[in-house]
Each structure stands twice: as structure tokens, then as C-alpha cells.
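**Q** In UniProt numbering, the protein residues as written are 1 to 941.
Quick one: the structure is below, questions incoming.
Right, dumping it as C-alpha cells:
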């Protein structure tokens, strides 16, 4: 009971929920609304039987069970009389929960229930789909059974071929070499032998314990008159950090140790430890205000809980020489020259304790999770810079990047992942602080002052080389932790990236330092490094930005990735073109079932509304055709921007009582919100979208509109809300596209009509207000860059050419463009240059390729892991999707004897590839999810 029985309920319902007829049920979303409104009870009012009011639906979770002795908890004492009346009413009625269970969980018990209550069979829990959507669902079920039969045959053939060890390859397969996989061969002298020699005593190794502090230890021992070597041995009572030691003891972790040559991975438990770890509390002023306390990783006062491990180096000389591509003899000679240690030229001694600083690792989160396939990992590998890191000098970006990365590592841990920050003692690029200061001074006093083109010159003049760090030595710490994949690498250095990937560690996404973190005096450094090949997300060239927005550039960049695929040089997938005919056949099967007369409409958001709804809606608009089209553009713009995967748990119950899910559910929900005026600031004209209505939109409004509750969750809702709010600002920022006084998406109709000649207009004209006018709505990346659906793919990187590694997809923007074509053509407009439109790089098209075997992840674990949208695996997958879907479209046209003009890409997609991908996903996975799991914020997929 809210505030007056059924009528009170109707008054207090949010406007998007329609009261259900008394012979039907109230969806669980309504009940959740009451809970959110702080109603103390829900009373069965005016009900002859419980069938007039029932909590739950076919897809709802089981209603909460209220224990018999819990009345005091749920009802205040002063309501006892009222509670007694309620209990009597409930006892006289049917067992609501029993009926609920009988319907949603058929069993012998449910049969007994319906035998005793035959009239209840006639009572629908939820109206079944009818009309347009029922017809679509029926055809998809038929195709599912057809696909099931086809895949059963394929699996039987593949099993037979495997059993017979059939090595015959098709011509297509033979023409595409498999990507080279990194082989690990256990060396004769490995980390096991290093540890053995250390345990045998110092006479079996070169150098002495203590690293760069060894001379001080010698003096201290002489003055104290004690044997410090005995004191430094590990004591029995010393405690280890359980989380770290248990992780290091795992077989999966130690399987990555064969390549380690910089230290003893068992140094933490060695007789004389070369590794030590402890827990610590970290307080960093720059990041305290940016972090959200969670009581676990970050305390309420901003202190960060961390495990830190210090490592002293023990170099494996044979393996080190191999990694540096030197002969062992030359390596030993070089080391001996600079250390005056004759033992280095003794080939019988292979382990070396060098007098150099080691590395400290800071670990955030639950360390044991590093062995889990789906663990999100953030990494910063940082080389010491005392001036910046400790004292804040501003000639370089070292401390700003360190703080930025530290925050990213902590936030990763707070999301349930692990953050790793490795701090290497390599002052001044291992050239030393004296050399570094000489270089700084020379740069400042050279002719013309400090400038990017002379950045490396003074280093080479004074030091003779640019760098002495040799990043090939760096990844050992990552291998020690068993890391095989990094989701977020906080590094712009190409040398570090190449060294990490050369060890077989996948780097999914590189995070550049945002411009706002770069000190003014460090602009010379950052500019010089980017020119020398460092990664950057910041593009300031107007020409490059314009190129990334160009529709034709999408196809161009994706074909560059396809060329790598044909050469077997992909990093994450293998390509098998012999499987392409199967994807073609599934696509033509879908076309034949849905459009046997080949009258295929555009791939458009309008397919998800149902023709009856659109016709019914437009029939109520008392306006001319041009204004009707404006309103349709208004509506479809918002609907497309809300069309990102909602998650398998979400559903929407429409005014007709039907339950909708996936993209159709998002479409119907957005249509209902549009007609009810949620996006309009003028309630006299609710069926419009204007800037003021969007800017005033609240997250709570969308939660109600999408019927989101704790039991009906949606992925990326906050991102969608931010996108629409940003749309309001963008509309006002571009009056040339969206109007002056009432800024709305539909005003681009007038922009197009103005540029049309004889009712013909290029698709580029429609693309401009979408890609330029809406550019500001896209969220910024972690690096603080806003560029929309454009992502970095390192294999395309060309040194000295900024932006060469960027691939544009513009999936939602192209989806919006396609969805606008139909209403605009109602005005008689004809579009030229349609061939510029590319396939949509989304998970249904891409999923079709993976599920048919055209694309296969190189690592089996990729099926279990979840990837960020910008990860290189997803970027590689999406780029190949665009090319391969185009190849499928060509074969589909050949099958039907059609030209590209007669069957443009937009028809093949609808006919088509995305539906085949969705049906196949439903056949292969119970939740119909993508074969590659994506971590989405609702603004791309």
C-alpha cells in the first residue's frame, strides 16, 4: 500500500511504468520502485485472489522469502492490528510463492500445484511477444536449428580429421603463414643453477652481496669488528609475506621463470637473501584527493595499502650475453674493464653479483589474482630520476608520470585487479647523475637554448651514447610475478614496450601521460621523445585529426592490419580464410529466411522498433513531413547513442506487457522515453529532443526509463547518461548543423536540404555533422584524450610519423548515419558515395568471424579473459572484422548475382552478417554473449 490503494499506486508510479490490467501481474520493477520510495509495506488491496497482485515475472529472480518470525523487523509495533488483517487476507488467498515457483521452475511439484489450481494455467505471467517481434523470433529459432545441424556436421568432420591426423591444407590456408609463436628452451645454465651456486658459497660466484652498498659494508665490518656476512644470512624466525610467497610458489608462476637472468627468483628464501618483501602504507599528496577510499586498498584517510619487494641483482652471464646479442667473452671483457674484477673473465663462474642498484616492486591489490586468467593488470616500469621523483624538478616528466601511473595501478586494484609498479635504480638512463646534470647544463646554454631537435645531441656528445639502460633486462621482474598479459601499460617508451612483448607478454593498451601532467619546462623532452618514436595519445595536428575523421581512412587503416594477417604477423589472432565460405553460407541462410525476395532494408536502428510502433507514433503528430523527419532524426539519434550492450541480466517490460531484451529492449525503452518527453524541455512538444532537455537529464531519469533495479542491472548506464548530457552541449556548440534557438539533432535535416542539388547529396555531407558536430560527446581516455572510437595499434607504428598507429572505427557514428538514411529518404533525398560506409566493427559481426573459425585467438585463455575496448586484441579483432565482412559481402553478392549498387553493404549487414553472428552466439553460448568478452562503458559497443 502506498498512499491510497490501487489509485495511490497509479499516482506514484514513475511515468514510464504503465499500471497493468487487474487480470495480469505487476512486474518486479514496480515492486522495486516501491522499495526505492521507502514504502514500509505492500498490501494486497481490493484483491479477491492473489492473482490480481503478484510479485515477479517469468524472468525475475525468486521473490524474497520473509521468515515467519520477522514481522517485527518489517512492521513497526503500532501496525500490529493492520498486520493481523493482512495476514488473514494472505492466508485466505492462494500461495503466491508456490505459484511463482510452479511457473518459473517446472517440476513434479509444479504439476501438483496446477492440478489443484487448474484455473491458474490461464493466468499469464507476462504477455508473450506478438506481431513483428514474434515473427522475427520464430525465424531466428528456425535458423538456430539450421545452424545447429550445420555445426554438428562440421564438428564431426573436424573430430574425424583430428583423429586421422589429416595434415592436408587448403590453398587459402597454405597462403597465410601462422604467426610465429615464441619458443622457450630451458638453458643449460638457468635460474636454478644460479640459485645453486649462490647457496654453495661466494667462491662459486663473482662479486659480493650488498650491490652498490658493498663498499660501505666492507668499511662497516672493519670498524665494527663483526662478520656482517653471517649477520646478513636469513634467520629461521623471519616471516614471509604470505600473499606474495604463495603466489610465487605456484607452478603457473614459476613456468615464466626460465628466461630470468637478472636475479635469483628464489632469493627471498635463500641462505643470504637477495629479495625481501614487506607490507607498507603509502601516502602520496598528489593522488590522495583523486582516490576513492574503499577501506581495503585505500583507507578512509587516503593511505594506500601496498606490498613492496626489493631485489638485488644476480646476473646470469651466459643468458645476459644472449639477450644483449653479444658473445659471452665480449660481455665478460667489457664488465671486467669497468669494474677491474678479474674473476669476470673466468668462464667457470657464471653468476655475477654486480655493484649496481636493483629494483623495488610495489604491488597493489590481491597478489594471488595474478595467476587468474581474467585478472586485470596495470603496470608501470619506472627508471629512477632523483631530481624529479623526490625533489620535483620540472625539466622532465618523471614524477608526474610516476604519480599518474601509481593512481592508475591503485584504481586497477580497486576494480578487483592488481597494480604493479617496478622502480629501477637507473639514474640518468644508467649514465649517472653527474653525466645527467652536465647534459642538462649544456642543453640550457647551447645556441638557441633548449629545444627538441637538440635533445639527444648533448647526451651523445657528453656520454657517447643516448642510453645505457638496456631495457631487454627489465622484464625479468614481470616474468618473476608470472605476468603474461598487461591490460594497462603506463609507458610511452617504445624500448620498454618492445622488451616486454619480446618476452611473450601481451600488452593490451598503452597509456600515455596526459598533456595536463607535463610541466612547461618538460615540453622539450616529451616532444623529442615522441618524435623519436615514443607512444602518444595526444594528436595536435589538424591534418591528422581530419584524416582520422575521414570515412575512407577507416578502410585504409584496417586493410593495413589485414596485410599483417596475411603475412602471419598478427599479435593476437590467426587468420584462416578457408573458413570464410561458412560465414558466407550462414549469412545467405539468414537472408533467405528473412528476405527471400531480397527486398532488404538498411541496417538501421529502425529495425528494432517494429514498423507498427513507428506508424502509430507518427500518426499522432500533427505536423508536415519535414517536421516528422526531424522528429524521427531526434528520436533515432538518442536511441543509437543508447544502443550499447546492456548485459545479459537486463530486460525491459513495454507498455504492451511484453518483455524485451538486448538491442530491441534498448530500442523500445528509448522510444518510450522519447514519446513521454524525457529528452524534451518543452512538455507541450514532448516528441522532440532538444539541448536543454538533454543537459537537464539525470542518471535517475535513465534508471527509471530503463527500469534498472538491483535485480535488473544494466552495463554502462552512467556512460550512456554522460553521453546524452554531452550531446546537449554539442548541439548548442554547432548551430550550423543543429539550429540556433532550439538546438536539436533533427535540424540537420535543414542542413542537408541546403546542400542538396536536385535532391542528391553526398554521404560526406551527412557524415560531417555527425563526426564534427558530435565530436565533443565522446568521453576522454585515461590519457585525457577525446577522439571517439579511434584506438592505437602498435604494429602499425612508423617512427617519426605521429598518428600512424591509430585506427578509426567510428562504430556508433556510422550506426547513427545508417539509421538516418531511411527517414531522410522520405523527403526524396538520394545519397551518393555510399561505398564509403564500412562494416560496423561490433561484436556481432566480429563474433561471426570468431565463431566460424575465420579468426582464432592465438591464446586459448583469450576466450576466458575480459578485455578493455582499447586493448590491442580488440583493436586487431575489430580492424579485421571490417575487412572480412566486406569480403563476405562480395561473396554474398556473387551468390545472388548482384552488384554493389544493387546490394550495398548496408543491406548485407542487415540481411545479414550481424544476425548470423547473433544467432550463432545464442547457439554456442547460453547467454548469447560475444566470444571475446569486452569491458564496456556503454560508449562504443
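Glycine is no exception: its CB is placed at the ideal position from the N, C-alpha and C atoms.
Note that the structure is predicted; figures quoted are calculated from it, not measured.
On the three-state DSSP scale, how would you describe residue 465?
**A** Coil at residue 465, not helix or strand.
**Q** For the putative contact between residue 510 and residue 377, defined by C-beta atoms under 8 Å, what is the C-beta separation to the nearest angstrom?
**A** With 8 Å as the limit, residue 510 and residue 377 do not qualify as a contact, their Cβ atoms being about 13 Å apart.
**Q** Distance check for residue 407 and residue 328, CA to CA, integer angstroms please.
**A** One C-alpha to the other measures close to 41 Å.
**Q** Three-state secondary structure (DSSP) at residue 634?
**A** Reduced to three states, the DSSP call for residue 634 is helix.
**Q** Among the residues of its own chain, which have a CB less than 7 Å from the CB of residue 666, if the five just before and after it don't count?
**A** Result list for residue 666: 642, 643, 646, in chain order.
**Q** Could you name the residues of the same chain whose beta carbon sits closer than 6 Å to that of residue 649, not counting the 5 residues immediately before and after it, in chain order?
**A** So the qualifying residues of the chain are 713.
**Q** Counting only the same chain and skipping the five closest in sequence on each side, list residues whose C-beta sits under 6 Å from that of residue 204.
**A** Once the five neighbours on either side are set aside, the close Cβ partners of residue 204 are 197.
**Q** Would you mind sorting residue 383 into buried or exposed? The rule is 16 or more other CB atoms within 10 Å of its CB.
**A** The residue is buried, with at least 16 neighbouring Cβ atoms inside 10 Å.
**Q** Just verifying my parser: in three-state terms, what is the DSSP assignment at residue 502?
**A** The answer is helix: DSSP assigns residue 502 an H, G or I state.
**Q** Does residue 426 pass the burial test, meaning 16 or more other C-beta atoms within 10 Å, or should it be called exposed?
**A** Counting Cβ neighbours within 10 Å, residue 426 comes out buried, since at least 16 surround it.
**Q** What is the rounded straight-line gap between the Cα of residue 224 and the Cα of residue 231?
**A** Each residue's alpha carbon lies about 12 Å from the other.
**Q** Tell me the start and end of each unbroken alpha helix (DSSP H) in the stretch 614 to 660 that is at least 4 residues and wholly inside, in chain order.
**A** Fully enclosed alpha helix (DSSP H) runs of 4 or longer: 625 to 641.
**Q** Helix, strand or coil for residue 48 per DSSP?
**A** At residue 48, the pLDDT of 33 sits below 50, so the modelled position is not reliable; the number obtained from the coordinates is stated separately. Residue 48 falls in the coil class under three-state DSSP.
**Q** Spatial neighbours of residue 633 within its chain, please: CB distance less than 8 Å, with the 5 preceding and 5 following residues excluded, ordered by chain position.
**A** Within the same chain, residue 633 has close Cβ partners 745, 746, 748, 749, 820, 823, 824.
**Q** Leaving out the 5 sequence neighbours to the left and right, which residues in its chain are closer than 6 Å to residue 492 when beta-carbon positions are compared?
**A** Answer for residue 492: 512, 534, 535, listed in chain order.
**Q** Ends of the alpha helix (DSSP H) at residue 851?
**A** Segment 843 to 851, the alpha helix (DSSP H) holding residue 851.
**Q** Compare the C-alpha of residue 673 against each of 663, 431, 689 and name the closest.
**A** Of the candidates 663, 431, 689, the one whose C-alpha sits nearest the C-alpha of residue 673 is 689.
**Q** May I ask you to report which of helix, strand or coil DSSP gives residue 305?
**A** Here residue 305 sits in strand by DSSP.
**Q** Would DSSP call residue 795 helix, strand or coil?
**A** Helix at residue 795.
**Q** Give the straight-line distance between the Cα atoms of residue 83 and residue 699, rounded to the nearest whole angstrom.
**A** Below a pLDDT of 50, predicted positions are generally treated as unreliable, and residue 83, at 41, falls in that range; no measurement from the model is reported.
**Q** Identify whether residue 512 lies in helix, strand or coil by the three-state DSSP scheme.
**A** Coil at residue 512, not helix or strand.
**Q** Report yes if the CB atom of residue 353 is closer than 8 Å to the CB atom of residue 208, and no otherwise.
**A** Going by C-beta atoms, residue 353 is nearer than 8 Å to residue 208.
**Q** Taking all protein chains shown into account, do 16 or more other C-beta atoms lie within 10 angstroms of the C-beta of residue 623, making it buried, or fewer, making it exposed?
**A** Per the 10 Å Cβ criterion, exposed.
**Q** What does the alpha-carbon distance come out to for the pair residue 904 and residue 897?
**A** Approximately 13 Å between the Cα atoms of the pair.
**Q** Classify residue 826: buried if its beta carbon has 16 or more other beta carbons within 10 angstroms, exposed otherwise.
**A** It is exposed - the Cβ of residue 826 has fewer than 16 other Cβ atoms within 10 Å.
**Q** Looking only at C-alpha atoms, which of 668, 716, 736 sits nearest to residue 705?
**A** For the residues 668, 716, 736, the minimum Cα distance to residue 705 belongs to 668.
**Q** So, are the CB atoms of residue 882 and residue 555 less than 8 Å apart?
**A** It is a contact, given that the beta carbons lie within the stated cut-off.
**Q** Measuring straight from C-alpha to C-alpha, what distance separates residue 771 and residue 737?
**A** Going by the C-alpha atoms only, they are around 11 Å apart.
**Q** Which residues in the same chain have their Cβ closer than 6 Å to the Cβ of residue 547, if we skip the five residues on either side of it in sequence?
**A** Answer for residue 547: 553, listed in chain order.
**Q** Taking only three categories from DSSP, how would you classify residue 928?
**A** Three-state DSSP puts residue 928 in coil, outside helix and strand.
**Q** Give the single residue among 926, 590, 380, 873 whose Cα lies nearest to the Cα of residue 910.
**A** Looking at the Cα atoms, 590 is the closest of the given residues.
**Q** Excluding the five sequence neighbours on either side, which residues of its own chain have a C-beta within less than 7 Å of the C-beta of residue 942, listed in chain order?
**A** No answer is possible for residue 942: the residues shown for the chain start at 1 and end at 941.
**Q** Would the stretch 839 to 853 and the stretch 575 to 593 be scored as touching if the rule is three or more Cβ pairs under 8 Å?
**A** Contact between the stretch 839 to 853 and the stretch 575 to 593 is present, because at least three Cβ pairs lie under 8 Å.
**Q** Is it right to say residue 338 is buried, meaning 16 or more other beta carbons lie within 10 angstroms of its own, or is it exposed?
**A** The residue is exposed, with fewer than 16 neighbouring Cβ atoms inside 10 Å.
**Q** Is residue 847 closer than 8 Å to residue 144 when the C-beta atoms are compared?
**A** No. Outside cutoff.
**Q** Determine the DSSP secondary structure at residue 268, reduced to helix, strand or coil.
**A** If DSSP states are grouped into helix, strand and coil, residue 268 belongs with coil.
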